[in-house]
Every structure is written in structure tokens, then in C-alpha cells.
Amino acid sequence: MLSERVRVSEEIETRVKEILQRVKSFGDRAIVDDIKRFHGVDLEKVGIKVSQEEIDGSVSFVSSEIKDAIRRAIDRIWRFHEKQKAPSWIMEEENGNISGQRVIPLEKVGIYVPGGRAPYPSSLLMAAIPAKIAGVERIIVCTPPSSDGRVNTVILFAARELGIREIYRVGGATAIASMALGTETIPKVDKIVGPGNVYVTVAKKLLVGEVGIDSLAGPSEICVLADETANPSWVAADLISQAEHDPLSSAILITDSNNLAERVHSIIYHLAQDLPRNEIIRESLQNYGAIVIVNDLEDGVRLVNFIAPEHLEIQTRNPFSVLPKIKNAGTVFLGDYSSEVIGDYVGGPNHILPTSGTARFFSTLGVKDFIKVVNFLALSEEGFKELSDITITFAEAEELHGHALSVRVRRETLFKEVKPKWMGH
């Protein structure tokens with residue numbers, strides 16, 4: 001059921017390839033044409049890049065309530081991610097050898113902020129804050145414009161609070177191609193992060209190698225692992241919260257309680273009926289929602305680890321006893337009060353998570369995604385002497401005599417060794 005959500009048609013892949021080729025061949029011209037075609041906006045009039053005046057002007061259009069919410073979210077997300085900073089380190093041996101790692105931030109990062117069904121300033125915060133903490137010098141943001149050519153003022157305000165000045169009104173695969181390949185206006189970046197629709201995901205997939213990416217995001221998903229102590233209304237509301245994202249979103253309750261399963265099933269559509277996105281919720285639940293009754297929580301844990309959900313809520317009598325058994329999940333929310341929705345905005349942990357079962361091998365976005373590690377080694381004369389014999393043994397075992405030569409010429413100088421005949425004079 002879940003695998004059907006992420007199948008990409010050949011038609012979509014072909015269209016994305018065409019977009020990438022146009023951007024590669026025509027640069028800004030392709031951007032202008034695509035935004036006119038897909039969004040009805042003339043970028044020749046309003047400009048590809050958002051002006052600093054527009055960014056600063058967002059202050060006047062955002063309510064004090066939203067400003068306060070963004071600032072509080074920044075504070076909590078920043079404090080959580082600051083714990084992730086990894087230091088450079090150095091190791092010195094008694095023989096004088098020195099080795100270590102340098103942790104170096106990426107120079108230029110592109111952030112994609114979705115804007116299709118709704119604007120997502122929270123996604124900007126989740127991507128930009130760990131990049132800032134990592135020390136990325138230049139952050140480029142692409143987000144689609146509205147029909148009047150403007151970028152959502154809340155997104156602009158969030159960017160302003162983080163000191164981001166390079167914002168471009170470009171969306172979809174065109175935005176990904178522009179940041180990956182570079183145009184006259186948009187710089188080529190080292191890595192692109194941020195979720196998006198299927199066109200964004202396919203573009204990122206096709207451009208791997210040209211640019212680094214975070215992961216291949218699919219439709220949103222939640223699993224709730226619950227026992228008889230869980231509140232049915234709370235569980236149902238949490239399932240609805242993810243179902244409203246997209247008709248392809250998945251919301252699954254896994255429980256060992258028949259009573260809880262029946263009560264959630266009986267109220268979930270009633271709770272959703274007056275919500276603005278009721279039709280999306282209904283379609284999502286009918287196609288990709290499920291209530292699974294298991295024999296016990298151990299079976300539930302096994303099913304969770306098999307699904308590897310993006311979001312996992314554990315609403316059981318003792319959620320912390322379940323946590324060590326969870327191997328595959330993007331983020332885990334423990335206890336009745338830990339609504340996944342709070343994690344979407346102000347909980348602290350990142351909400352850019354692996355989807356579609358990729359939590360088996362991908363991790364949540366974090367500071368680590370914006371750094372690279374460079375190892376270094378400096379051998380002393382004594383250290384070289386100690387390691388040279390072993391190195392020659394390995395090299396000759398792999399029949400790489402040029403490797404052995406690199407060591408032997410040094411040994412000849414140090415030890416006045418006799419050269420093998422194949423080395424010549």
C-alpha cells in the first residue's frame with residue numbers, strides 16, 4: 001500500500017529531465033519561461049531575486065503573534081541543533097605521529113521552501129538553522145511565488161530573522177535545477193535541502209552527483225503505536241494532522257487494543273468533517289490510512305520497524321520502555337502530550353525527515369548535513385619506520401607494486417636498503 005505512493009511515472013521523469021535541460025542550456029531565460037508557464041508570473045517585471053526592500057517590508061505585513069511564534073521557534077530549534085555540533089580533533093602519538101579530523105562547513109547551500117498547497121515557513125527554519133549553526137557562509141532560498149509574483153511575507157520574515165538575504169521566486173524542478181547547475185542570477189550551490197512535491201524530488205534524484213542532497217522526500221506519514229491507555233480522540237486527531245497534508249499522506253494506527261481501534265475508527269471522520277481540508281483528509285485516510293490490530297506491543301514494534309515511518313508516536317502506558325526497541329523511524333514522539341504537530345513547529349527536533357521507508361538508512365536533517373570532514377595525517381620518521389613494513393606487505397598482497405615503491409624509496413634513503421631488481425637504478 002505504502003510503496004504505491006512513491007512510484008513516479010515515466011511522464012513525470014521525462015518532464016523533469018526537460019526542465020533540467022532547459023535550465024542547463026538557457027539559464028535565467030528558462031526560469032522566466034517556466035515561472036510564466038507554471039505560475040502565471042512575469043519575472044521580467046518583478047525580478048527573479050527578491051529585493052532586500054521586500055524582505056525588510058515583510059515586518060509590516062506579519063502580525064505580532066506570528067512574529068513571536070517564529071522567534072520562539074527559532075530559539076527552541078537553535079538550542080536543540082546546537083547540541084549537534086561536532087568539533088575538529090587531533091591525536092598525537094608518542095612516536096610523533098599526528099592525525100585528526102577537520103570539521104568544515106559547506107560554503108553554499110540551497111534551501112527549497114515549498115509553497116504549493118500552502119506556504120511553509122517552518123521548513124525554512126528547520127533547514128536554515130542547522131546550516132547556520134554549522135557555519136555555512138552563503139544560504140540561497142528558492143520558493144515559488146504567488147499569482148501576484150510575491151513571496152509569502154511570513155517566509156520572508158522568517159528569512160529576515162535568520163539573516164538570509166538571497167531569496168529567489170522560483171519553484172519546483174526549475175528551482176532545484178537552478179541551484180544545482182547555476183544560472184546568471186542564481187548561484188550553483190554545494191548541496192540542496194528541503195522537501196517538495198514529486199517534481200522537486202525527481203529533480204533532486206536526477207541531479208545527485210552534480211550537487212549534494214539531503215534525502216528524497218515523499219508524502220508525509222505517521223504511525224501511532226498505542227495501547228488501551230491512549231485517548232481515542234487524541235490519537236484520531238494526530239492521524240488527521242498528517243492526512244491533511246496531501247491525498248498521498250499515510251496515517252496508521254497500530255494497537256493491541258480492540259476497544260481503542262473501534263473508538264478511533266468511529267470518531268476520526270467526524271472530527272475531520274468541519275476542517276477546511278476535509279476532502280484531502282478523507283481521500284488520504286481511505287487510500288493510505290489503516291488501523292492495524294496486533295497481538296501485543298512486541299508485534300507492534302516489529303511492524304513499526306518494518307514500516308520505518310517518518311513520524312512515530314508512542315502512546316502507551318510506559319513509552320520510554322518501548323523507545324529502545326525502535327530501530328527505524330524519523331522522529332519518535334513519546335507520551336500522550338507529545339503531539340507530532342508540536343514537533344512540526346516548535347518542539348526543537350527537525351521536521352525534515354526520511355520518508356517512504358528510508359528511515360532504515362537515512363537520518364533526520366541536522367548540522368551534520370551541512371559539514372564535511374577532512375582527515376589529516378602527519379607521520380614522523382619513527383612513525384614511518386614502524387608502519388612501512390606493514391604497508392609494503394599490504395601493497396604486495398594487492399599486487400600494487402607502485403604503492404610499495406612509494407614506501408621503499410623512503411626506506412632506501414633512511415635505511416640504505418638494497419633495491420629489488422625490478423626497481424632499477
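Sequential numbering from 1 applies to the sequence shown in this note's numbering. Just so it is clear, CB atoms sit at the ideal spot from N, CA and C, and this is done for glycine as well. Only a predicted model underlies this, so the values are computations on that prediction, with no experimental measurement involved.
(message) Which residues does DSSP list as the beta-bridge partners of methionine 91?
(response) Locating residue 91 in the sequence shown gives position 91, counting from the first residue. According to DSSP, methionine 91 bridges with Ser99.
(message) Using only CA atoms, which one of Phe370, Phe157, Ser215 lies nearest to valine 109?
(response) Start at 1 with the first residue of the sequence shown, and residue 109 comes out as number 109. Comparing Cα positions, the closest option is Phe370.
(message) Cutting at 7 Å between CB atoms, please list the residues of its own chain near serine 58, excluding the five before and the five after it.
(response) Here residue 58 corresponds to residue number 58 of the sequence shown, with the count starting at 1. Excluding residues within five positions, the ones whose Cβ falls inside 7 Å are Thr153, Leu156, Phe157, Arg160.
(request) With distances taken Cα to Cα, identify the nearest neighbour of glutamate 381 among Glu93, Asn318, Gly27, Glu54. (result) Numbered from 1 along the sequence shown, position 381 holds the residue referred to as residue 381. For the residues Glu93, Asn318, Gly27, Glu54, the minimum Cα distance to glutamate 381 belongs to Glu93.
(request) At 4 residues or longer, and completely inside the stretch 192-244: list those alpha helix (DSSP H) runs for me, N to C. (result) 198-206, 232-243
(request) Go to histidine 351, then tell me how far its beta strand (DSSP E) extends in each direction, as first and last residue. (result) By 1-based counting over the sequence shown, the position of residue 351 is 351. Counting along the chain, histidine 351 falls outside any beta strand (DSSP E), and DSSP gives it neither H nor E.
(message) Ignoring anything shorter than 4 residues, give me the alpha helix (DSSP H) runs that lie fully in the stretch 270-295, in order along the chain.
(response) 278-288
(request) Report, in whole angstroms, the separation of the C-beta atoms of isoleucine 222 and glutamate 279, which I expect to be a contact under 8 Å. (result) What you label residue 222 is simply residue 222 of the sequence shown in a count that begins at 1. What you label residue 279 is simply residue 279 of the sequence shown in a count that begins at 1. Their Cβ separation, rounded to whole angstroms, is 19 Å, which puts isoleucine 222 and glutamate 279 out of contact at 8 Å.
(message) DSSP has glycine 110 in a bridge; who is on the other side?
(response) As a first step, residue 110 must be located in the sequence shown, where it is residue number 110. Answer by DSSP bridge pairing, in chain order: Ile140, Ile192.
(request) For the beta strand (DSSP E) holding leucine 253, just list the boundary residues, first then last. (result) The sequence position of residue 253 within the sequence shown is 253, counting from 1. 250-255 is the span of the beta strand (DSSP E), which, as asked, contains leucine 253.
(request) In angstroms with no decimal places, state the Cα-to-Cα distance between tyrosine 120 and phenylalanine 80. (result) As a working mapping, residue 120 is identified with position 120 in the sequence shown. As a working mapping, residue 80 is identified with position 80 in the sequence shown. C-alpha separation (whole angstroms): 20 Å.
(request) With distances taken Cα to Cα, identify the nearest neighbour of serine 25 among Val136, Ile164, Glu184. (result) The residue labelled residue 25 in the question sits at position 25 within the sequence shown. Closest option to serine 25, Cα to Cα, is Glu184.
(message) What would DSSP say about threonine 174, mapped onto helix, strand or coil?
(response) In the sequence shown, the residue the question calls residue 174 occupies position 174. Threonine 174 falls in the helix class under three-state DSSP.
(message) According to DSSP, is leucine 156 part of a helix, a strand, or is it coil?
(response) Your numbering for residue 156 matches position 156 in the sequence shown. DSSP places leucine 156 in helix when its eight states are reduced to three.
(request) Measure the Cβ-Cβ separation of methionine 179 and leucine 365 and say whether it is below 8 Å. (result) Taking the first residue of the sequence shown as 1, we reach residue 179 at position 179. Taking the first residue of the sequence shown as 1, we reach residue 365 at position 365. Not closer than 8 Å, so no.
(request) Alpha carbon to alpha carbon, how far is serine 60 from cysteine 67? Give it in angstroms, no decimals. (result) Numbered from its first residue, the sequence shown carries residue 67 at position 67. Numbered from its first residue, the sequence shown carries residue 60 at position 60. According to the sequence displayed, residue 67 carries lysine and not cysteine. Approximately 11 Å, taken between the alpha carbons.
(message) Buried or exposed for valine 374, going by 16 or more other Cβ atoms inside 10 Å?
(response) What you label residue 374 is simply residue 374 of the sequence shown in a count that begins at 1. Counting Cβ neighbours within 10 Å, valine 374 comes out exposed, since fewer than 16 surround it.
(request) Could you give the DSSP three-state label for glutamate 378: helix, strand or coil? (result) Within the sequence shown, numbered from 1, the residue matching residue 378 stands at position 378. Looking at the sequence provided, one finds alanine at residue 378 rather than glutamate. DSSP places alanine 378 in strand when its eight states are reduced to three.
(message) With the cut-off set at 8 Å, would you say glycine 172 and isoleucine 111 are in Cβ contact?
(response) The residue labelled residue 172 in the question sits at position 172 within the sequence shown. The residue labelled residue 111 in the question sits at position 111 within the sequence shown. Contact flag unset, no.
(request) With DSSP as the reference, please indicate the residues paired to histidine 311 in a beta bridge. (result) By one-based count along the sequence shown, residue 311 stands at place 311. Partner(s): Ile222, Thr331.
(message) isoleucine 392 and alanine 378 - do their beta-carbons sit closer together than 8 Å?
(response) Position 378 of the sequence shown, counted from the start, is the residue given in the question as residue 378. Position 392 of the sequence shown, counted from the start, is the residue given in the question as residue 392. No, the pair does not count as a contact, with Cβ atoms beyond the cut-off.
(request) Look up tyrosine 168 in the DSSP assignment and say whether it is helix, strand or coil. (result) The residue you call residue 168 lines up with position 168 of the sequence shown. Residue state, collapsed to three classes: strand.
(request) Quickly, what does DSSP pair valine 373 with across the bridge? List them, please. (result) Indexing the sequence shown from 1 puts residue 373 at position 373. According to DSSP, which records beta bridges pairwise, valine 373 is partnered with Val103.
(request) Answer yes or no: do leucine 260 and proline 232 have a C-beta to C-beta separation smaller than 8 Å? (result) Here the question's residue 260 lines up with position 260 in the sequence shown. Here the question's residue 232 lines up with position 232 in the sequence shown. A contact, by the Cβ cut-off of 8 Å.
(message) Is it buried or exposed, arginine 282, if we count other Cβ atoms within 10 angstroms and call 16 or more buried?
(response) Along the sequence shown, one-based indexing puts residue 282 at 282. That one is buried.
(request) To the nearest angstrom, report how far apart arginine 411 and serine 388 are at their CA atoms. (result) For the purposes of this step, residue 411 is taken as residue 411 along the sequence shown, with counting starting at 1. For the purposes of this step, residue 388 is taken as residue 388 along the sequence shown, with counting starting at 1. One C-alpha to the other measures close to 8 Å.
(message) Which residue marks the beginning of the alpha helix (DSSP H) containing leucine 405, and which one marks its end?
(response) Within the sequence shown, the letter at position 405 stands for residue 405. First-last of the alpha helix (DSSP H) with leucine 405: 401-415.
(message) Measuring straight from C-alpha to C-alpha, what distance separates aspartate 214 and leucine 400?
(response) Locating residue 214 in the sequence shown gives position 214, where the first residue counts as 1. Locating residue 400 in the sequence shown gives position 400, where the first residue counts as 1. Rounded to the nearest angstrom, the two C-alpha atoms are 37 Å apart.
(request) Assign lysine 385 to one of three DSSP states: helix, strand, or coil. (result) In the sequence shown, the residue the question calls residue 385 occupies position 385. Residue state, collapsed to three classes: helix.
(message) Assuming contact is defined by CB atoms lying nearer than 8 Å, are histidine 311 and leucine 353 in contact in what I supplied?
(response) Your numbering for residue 311 matches position 311 in the sequence shown. Your numbering for residue 353 matches position 353 in the sequence shown. Yes, they are a contact pair.
(message) Measuring only the C-alpha atoms, how far is histidine 245 from alanine 272?
(response) Indexing the sequence shown from 1 puts residue 245 at position 245. Indexing the sequence shown from 1 puts residue 272 at position 272. Taking the straight line from one Cα to the other gives about 13 Å.
(message) Check whether the stretch 298-308 and the stretch 201-213 touch, using three or more Cβ-Cβ pairs below 8 Å as the test.
(response) no
(message) Alpha carbons only, please: which of Ile268, Val224, Ile267, Leu285 is nearest the one belonging to aspartate 336?
(response) For the purposes of this step, residue 336 is identified with residue 336 of the sequence shown, where counting begins at 1. If we check each option's Cα against that of aspartate 336, Val224 comes out closest.
(message) Considering just the uninterrupted stretch of the alpha helix (DSSP H) at glutamate 10, what are its terminal residues?
(response) Here residue 10 refers to the residue found at position 10 of the sequence shown. Glutamate 10 -> alpha helix (DSSP H) spans 10-26.
(request) Report the rounded CA-to-CA distance for lysine 45 versus serine 266, giving the unit in angstroms. (result) Taking the sequence shown and counting its residues from 1, the one referred to as residue 45 is at position 45. Taking the sequence shown and counting its residues from 1, the one referred to as residue 266 is at position 266. If I take the Cα positions, the gap works out to 53 Å.
(request) Measure the Cβ-Cβ separation of serine 257 and aspartate 227 and say whether it is below 8 Å. (result) By 1-based counting over the sequence shown, the position of residue 257 is 257. By 1-based counting over the sequence shown, the position of residue 227 is 227. Yes, they are a contact pair.
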